[in-house]
Structures are given as structure tokens and as C-alpha cells.
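Q: Quick note on numbering: the sequence shown equals residues 45 to 185 in this note's numbering.
Beta carbons are placed, not taken as given, at the ideal position from N, Cα and C, and that holds for glycine.
Small disclaimer: the values here were computed from a predicted structure and weren't measured.
One structure is given below, represented as C-alpha cells, and several questions about it will come after.
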Amino acid sequence: MPNTWILYALGAAGFAALVNIFGKLGMKGVDKDLATAIRSIVQALFVVGFAAFIGVVKDFGQLHGKAMASIACTGICGGLSWICGFRALQLADASKVGPIDKLSVPVGVILAVIILGERPSGINWVGIVLIAGGAYLAAHK
Numbered sequence: 045m046p047n048t049w050i051l052y053a054l055g056a057a058g059f060a061a062l063v064n065i066f067g068k069l070g071m072k073g074v075d076k077d078l079a080t081a082i083r084s085i086v087q088a089l090f091v092v093g094f095a096a097f098i099g100v101v102k103d104f105g106q107l108h109g110k111a112m113a114s115i116a117c118t119g120i121c122g123g124l125s126w127i128c129g130f131r132a133l134q135l136a137d138a139s140k141v142g143p144i145d146k147l148s149v150p151v152g153v154i155l156a157v158i159i160l161g162e163r164p165s166g167i168n169w170v171g172i173v174l175i176a177g178g179a180y181l182a183a184h185k
């Protein structure tokens with residue numbers, strides 16, 4: 045299947061959307077930082093179990109220093125994102141937090157242009173602006 049990445053990307057979007065829903069449902073009367081810590085433990089155990097199940101844990105020794113540093117940075121950024129997200133969910137509705145969280149899309153594209161040298165087309169930029177505008181409108185009172 046040539047466009048398998050699209051299915052994975054849609055799965056990522058769907059599961060990411062459920063994070064806010066389950067987070068909001070489960071955090072009533074629970075400390076946001078404790079909730080984030082528990083979420084991190086569950087996620088780590090799940091992903092390590094998945095990696096063991098598909099048999100890639102044996103390849104750990106192939107990771108080089110730059111890869112390990114980059115992977116560590118993604119873990120730190122992901123953790124900070126969760127901390128901020130769970131704190132936002134305790135203060136606002138998931139229907140408000142979700143769209144603002146999705147501003148990661150235009151920010152990610154801008155960073156990809158600056159850091160990775162990627163060059164989106166004109167129509168891509170129109171879509172990026174629409175995402176940003178949509179996040180504003182979806183979160184607006």
C-alpha cells in the first residue's frame with residue numbers, strides 16, 4: 045500500500061484527540077502533575093511492550109549518539125507538551141484546549157522550514173494559515 049503513512053497519520057490524529065477526551069474525563073479531582081506522571085509511565089510501558097512484541101528492542105545497540113540525543117529531546121518536548129496540556133485541561137474545556145494544541149501543526153511546519161530547510165508549496169501555506177485560523181475560531185468564545 046503506497047500511502048500507508050496517511051493511515052498512520054490519521055491514527056496519530058485520532059489517538060491524539062482521544063488524549064484530551066480521556067484526560068478531561070479522568071482528571072476531575074486529580075492533581076494534573078500526578079496525572080501526567082501516571083500517563084507517562086503507562087505510555088512508556090505500552091510502547092516498550094510494543095517494541096518488544098514486534099522484535100525491535102534487540103536493535104537498541106544500533107542507535108548512535110545523535111539519534112539518542114534527538115530521541116531524548118523528543119521525550120522531553122513530549123513530556124513538556126503533556127504537562128502543559130493536562131494543566132490546560134484542568135482550566136478549560138477539551139473543546140477549547142484541543143484546537144489550540146493543534147497549533148503545533150503550523151508551528152511544526154515553520155520550524156521544519158527554518159531548521160530542516162523544507163519548502164512547502166503555496167497551497168500548503170494556505171492550508172497552514174487555515175489551520176491557524178481554524179484553531180483561533182474553534183477556541184474563540
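How about Ser84 and Gly129: do their beta carbons lie closer than 9 Å?
A: Reading the sequence shown from its first residue, position 40 is the one you call residue 84. Reading the sequence shown from its first residue, position 85 is the one you call residue 129. No, the Cβ-Cβ distance between Ser84 and Gly129 is not below 9 Å.
Q: Rounding to the nearest angstrom, what Cα-Cα distance links Lys76 and Gln134 in this structure?
A: Here residue 76 refers to the residue found at position 32 when the sequence shown is read from its first residue. Here residue 134 refers to the residue found at position 90 when the sequence shown is read from its first residue. Roughly 7 Å between the two C-alpha positions.
Q: In or out: Asn47 buried (at least 16 other Cβ within 10 Å) or exposed?
A: Counting from 1 along the sequence shown, the entry for residue 47 is found at position 3. Asn47 comes out exposed.
Q: For the alpha helix (DSSP H) that contains Asp77, what are its first and last residues?
A: Translated into positions along the sequence shown, residue 77 becomes position 33. That run of the alpha helix (DSSP H) goes Lys76 to Ile98.
Q: So, are the CB atoms of Pro150 and Val173 less than 9 Å apart?
A: Indexing the sequence shown from 1 puts residue 150 at position 106. Indexing the sequence shown from 1 puts residue 173 at position 129. Yes, these two residues count as a Cβ contact at 9 Å.
Q: Over what stretch of residues does the alpha helix (DSSP H) that includes Arg112 continue unbroken?
A: In the sequence shown, counting from the first residue as 1, residue 112 sits at position 68. According to the sequence provided, residue 112 is Met. The question's Arg does not apply to it. Per DSSP, Met112 belongs to the alpha helix (DSSP H) from Gly109 to Leu135.
Q: When you compare only the Cα positions, how much space is there between Leu78 and Phe90?
A: For the purposes of this step, residue 78 is identified with residue 34 of the sequence shown, where counting begins at 1. For the purposes of this step, residue 90 is identified with residue 46 of the sequence shown, where counting begins at 1. Going from the Cα of Leu78 to the Cα of Phe90 covers about 18 Å.
Q: Is Pro164 near Val153, with beta carbons less than 9 Å apart?
A: Within the sequence shown, the letter at position 120 stands for residue 164. Within the sequence shown, the letter at position 109 stands for residue 153. For Pro164 and Val153, yes; Cβs fall inside 9 Å.
Q: I'd like to check one pair, Lys68 with Ala183: are the Cβ atoms closer than 9 Å?
A: Taking the sequence shown and counting its residues from 1, the one referred to as residue 183 is at position 139. Taking the sequence shown and counting its residues from 1, the one referred to as residue 68 is at position 24. Contact: no.
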